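> Residue numbers (the working numbering): 6 to 111. Cβ atoms here follow ideal geometry from the backbone N, Cα and C, with glycine treated the same way. All figures in this text were calculated on a predicted structure; none of them were measured in a lab.
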C-alpha cells in the first residue's frame, strides 16, 4: 500500500498505481480514498478521455454515484477492458450489489 501511495505522490497520473491503490483502499475499508483513486484512474486514462458525469433523476451526487457513472460509461465505451470490469465489480461489492459484482467479475 505504501509503495502504491508513493508512486501516486510521485506521479498522480500513474494508472498502474491508481487502480490497485483504489482496490487496496477498498480492502482497507477506506471507501472515500478508494473512490478518489478509482475516479482519478478513469479520469486520467487516455482511453476514456472526455467521459462526463451526467446528472439525471437517479443521480444522488455522491462520489460513489459519480465513479459508478464514469465506470458504466467506460464499460459502454470498451466492454472488453478487464480493468473497467474489475472496478465495476469492486464498486458493486462496496455498495452491496453482490449480483452486479458477480456479473462484472465474470
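Less than 8 Å between the CB atoms is what I'm expecting for residue 18 and residue 49, so what's the real figure, rounded?
About 5 Å separates the two Cβ atoms, so the contact holds.
> Do you know how far the Cα of residue 99 is from the Cα of residue 44?
C-alpha separation (whole angstroms): 15 Å.
> Give the secondary structure of residue 55 by DSSP, where H, G and I count as helix, E and B as strand, and everything else as coil.
Coil at residue 55, not helix or strand.
> For residue 93, which option in 12, 47, 58 and 13 has the closest C-alpha, if you only look at C-alpha atoms?
The candidate whose alpha carbon is nearest that of residue 93 is 47.
> Go ahead and pull the three-state DSSP assignment for residue 18.
Looking at residue 18 - three-state DSSP - the assignment turns out to be coil, as it is neither helix nor strand.
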